[in-house]
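In UniProt numbering, the protein residues as written are 1 to 213. Here the structure is laid out as structure tokens; the discussion comes afterwards.
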């Protein structure tokens, strides 16, 4: 490794360390407001803005409507608890009906892995993932990034309630038309990503394809 690359790497490491110290300190200050103190040794963790910032997509060139499902293996998806620094594991499941685009799997996998060293609660990380997927698969929003013509933009995100039906556990529910996200704290993280694109009638029977990423 030449001197230029070494200096660049050193600068990146110093910046990463600075962000980790700042974000961990903010989490400790937030806990202190509620009288919560970390138990034992506390490790540093990174802020959400260090996650992968792009999810690639590919054209879907078929007229057949199908439900596409992406689901992580148990233990594959995790982030760090902002109160203890310990890993929080969840199962990430994404479902959607493609219209013009499909999510590129390798890019999605790298995006999911980019959360591993970030300190964030499950309820918050689910919301971030929801918004990121919406950003990179929405037709109108993507038009500005790649020059392709887009469809109408779905209505604004509305938080519906704080009791999402996620396997009987209390959680958070988000809705954009019939696009829905449910997060169960202390349980699997579920993303129901069904209608950013055209949504089939409830009486239709669709083929389904499922991937483990």
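Note that beta-carbon positions come from the ideal geometry of N, C-alpha and C, so glycine has one too.
What does the alpha-carbon distance come out to for the pair residue 123 and residue 11?
Residue 123 and residue 11 have their C-alpha atoms roughly 33 Å apart.
When the Cβ atoms of the stretch 43-62 are set against those of the stretch 14-21, are three or more pairs found closer than 8 Å?
yes
Residue range of the beta strand (DSSP E) that residue 69 falls in?
Looking at the DSSP string, the run of the beta strand (DSSP E) that includes residue 69 is 67-71.
Is residue 80 near residue 118, with beta carbons less than 9 Å apart?
yes
Could you check which residue in 6, 101, 129, 54 has the C-alpha nearest to that of residue 61?
101
Do residue 116 and residue 84 have their CB atoms nearer than 9 Å?
Taking 9 Å as the Cβ cut-off, residue 116 and residue 84 do not qualify as a contacting pair.
Under a Cβ-count criterion, where at least 16 other Cβ atoms within 10 Å of its own Cβ denotes burial, should residue 21 be classed as buried or exposed?
exposed
Nearest to residue 73 by CA position, among 92, 137, 51, 88, is which residue?
92
When burial is assigned at 16 or more other CB atoms within 10 Å of the CB, is residue 94 buried or exposed?
buried
Residue 8 versus residue 64 - alpha carbon distance
49 Å
Quick one: what does DSSP say residue 92 is sitting in, helix, strand or coil?
strand
Tell whether a beta-carbon distance below 9 Å holds between residue 67 and residue 110.
no
Do you know whose CA, among 33, 128, 88, 108, lies nearest residue 56's CA?
108
Go through its chain and collect everything with a Cβ distance to residue 114's Cβ below 8 Å, but skip five positions before and after it.
50, 51, 52
According to the Cβ coordinates, are residue 129 and residue 82 closer than 9 Å?
no
Tell me whether residue 78 sits in a helix, a strand or coil according to DSSP, three-state version.
strand
To the nearest angstrom, report how far apart residue 90 and residue 127 are at their CA atoms.
14 Å
Residues of its chain near residue 75, where Cβ-Cβ distance is below 7 Å and the 5 sequence neighbours each way are ignored
89
Ignore the nearest five residues each way along the sequence and tell me which others in residue 104's own chain have a CB closer than 8 Å to its CB.
55, 56, 57, 58
Measure the C-alpha to C-alpha separation of residue 32 and residue 38 and round it to an integer number of angstroms.
Taking the Cα positions, residue 32 is about 9 Å away from residue 38.
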